[in-house]
Amino acid sequence: MRETVIINDVGPRDGLQNQQRILTPQQRLELVRALVAAGVKHIEVGSFVSPRAVPAMAGAAEVLAGLPQDSDRRFTVLIPNMKGYELARAAGATSVNMVLYASEGMAQKNANMGMLQAEQVTADILHRARQEGIRVAAAIAVAFECPFDGPTDPAVVQRIVAQFLQLGADEVSVADTIGAANPGQVRVLTQTLVERHGAERLSCHFHDTRAMGLANVFAATESGIRKFDSSIGGLGGCPFAPGASGNVATEDVVMMLEQMGYDTGIALAPLVAAAELAKSLTGTAPGGRATPWLRRQLERIK
Ligand code: COA
Ligand code: ZN
1197 MRETVIINDV GPRDGLQNQQ RILTPQQRLE LVRALVAAGV KHIEVGSFVS
1247 PRAVPAMAGA AEVLAGLPQD SDRRFTVLIP NMKGYELARA AGATSVNMVL
1297 YASEGMAQKN ANMGMLQAEQ VTADILHRAR QEGIRVAAAI AVAFECPFDG
1347 PTDPAVVQRI VAQFLQLGAD EVSVADTIGA ANPGQVRVLT QTLVERHGAE
1397 RLSCHFHDTR AMGLANVFAA TESGIRKFDS SIGGLGGCPF APGASGNVAT
1447 EDVVMMLEQM GYDTGIALAP LVAAAELAKS LTGTAPGGRA TPWLRRQLER
1497 IK
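Using the numbering used here, the first residue of the sequence shown is number 1197, and each one after it goes up by one.
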């Protein structure tokens, strides 16, 4: 039996929120369907945020309404506040992802709140969601470095992770929002977290700004982390975090993990097709670093 690693593709949210070209809900659904066809079981399909702040995510309810009905998959939406929770719930969301912050600067720029205020809002949503049967994940933004406040103190991340696991979050994700982490730091932080809490409810989210995305995924697997966010075609970047480039590409992460003997449940040929779709829809998706090699292999086995 191969060990399973769960891949949560955040392309339709993290990947598309910052694009010049704004896609319609139907185009976003096309991308989600391509990911589903490749066997991706966890997908972040959009966000319920102010359409003035992030125009590219407008119409998230339409995306939710068009999703394939399949109990086997988990479709999550990102929310920044209670209003987002209520809109998501009204649109039929069953899984939400809240944002927490490891710095004041990022909390202010992204959500116009203080760090502690964001924690309070998330705790309130978590409380309500538990009564209403909604799954709640919480992502800790700028867990390694903040574009405004500089390097993050790991003790801050440890405190927030402990607090939200204690409060009953279904998952807490450590997010390198601007892609500044190195594998040494990732190994130390994830080792500490896994020793304290186990890996069951932890996940990691890496951007590839400094080409360390895959190395960071590897470092986290060495600590026992078995769940990762990644983005099809390497799309991504936060509109409120200057300098952030795309997420680590799903096709690279899947290729690496499968070659290492893990089971992601994802098939590379349709995944490469999904990456091509991401590129044609946005015009900007860089694609995975292994794309030329992958294409050659897929041609050979056709
Ligand atoms: N969804 C849709 N609209 C929302 C909303 C939500 N979750 N939360 C607030 N709004 C609306 C309010 O109704 C209000 O609208 P109005 O001006 O027409 O009355 C307006 O947005 C301002 O509301 P306010 O509560 O004062 O929010 P704010 O101006 O302090 O902005 C956020 C805070 C979080 C809503 C906004 O900054 C945001 O949506 N940011 C998105 C962050 C993001 O997606 N980052 C990338 C991913 S990490
Ligand atoms: Zn991100």
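The beta carbon of each residue, even a glycine, is placed where N, CA and C say it ideally should be.
If you draw a straight line from the alpha carbon of Arg-1217 to that of Met-1197, how long is it in whole angstroms? 43 Å
Any non-hydrogen atom of the ligand COA closer than 6 Å to Cys-1400 Cβ: no
Alpha carbon of Gln-1381 to alpha carbon of Ser-1419, nearest angstrom: 12 Å
Residues in the same chain with beta-carbon distance under 6 Å from Gln-1316, minus the five sequence neighbours each way, listed in chain order, please. none
The beta strand (DSSP E) enclosing Thr-1272, as first and last residue numbers: 1270-1275
Since Ala-1334 is in the beta strand (DSSP E), which residue starts that stretch and which ends it? 1331-1337
At what residues does the alpha helix (DSSP H) containing Asn-1293 begin and finish? Careful: Asn-1293 lies outside any alpha helix (DSSP H), inside the beta strand (DSSP E) at 1291-1297.
Straight-line gap, Val-1413 to Cys-1400 (C-alpha atoms, nearest Å): 8 Å
Could you check the C-alpha separation between Ala-1335 and Ser-1476 for me, to the nearest Å? 29 Å
Limits of the unbroken alpha helix (DSSP H) element including Glu-1199: Here Glu-1199 belongs to no alpha helix (DSSP H), and DSSP marks it neither H nor E.
Going by DSSP, what residue range makes up the alpha helix (DSSP H) through Ser-1476? 1464-1478
Counting along the chain, where does the alpha helix (DSSP H) carrying Asp-1320 start and finish? 1311-1328
Are Gly-1235 and Gly-1461 close, meaning C-beta to C-beta below 7 Å? yes
Asp-1205: beta carbon under 6 Å from a heavy atom of the ligand SAH? No copy of the ligand SAH occurs in the structure displayed; its ligands are the ligand COA and the ligand ZN alone.
Return the Cβ separation of Arg-1285 and Ile-1330 in integer angstroms, given the expectation that the two are a contact with Cβ distance under 8 Å. 6 Å
So Ile-1356 is in the alpha helix (DSSP H); what residue range does that whole segment cover? 1350-1362
Please list, in chain order, all residues of the same chain as Glu-1454 whose beta carbon is under 7 Å from its beta carbon, the five residues on each side excluded. Thr-1460
Considering only heavy atoms of the ligand ZN, does any lie closer than 6 Å to the CB of Asp-1210? yes
Considering Glu-1282, what are the terminal residues of the alpha helix (DSSP H) in which it resides? 1278-1286
Residue closest to Thr-1480, alpha-carbon to alpha-carbon, out of Gly-1457, Ser-1441, Ala-1469, Leu-1490: Ser-1441
Do Ser-1426 and Val-1449 have their C-beta atoms within less than 7 Å of each other? yes
In angstroms with no decimal places, state the Cα-to-Cα distance between His-1360 and Arg-1491. Looking at the sequence itself, residue 1360 is Phe, so the reference to His does not match. Distance between the alpha carbons of Phe-1360 and Arg-1491: 42 Å.
In the structure shown, what three-state DSSP assignment does Leu-1385 receive? helix
Alpha helix (DSSP H) runs wholly inside the segment 1205-1271, at least 4 long, in chain order: 1221-1233, 1256-1261
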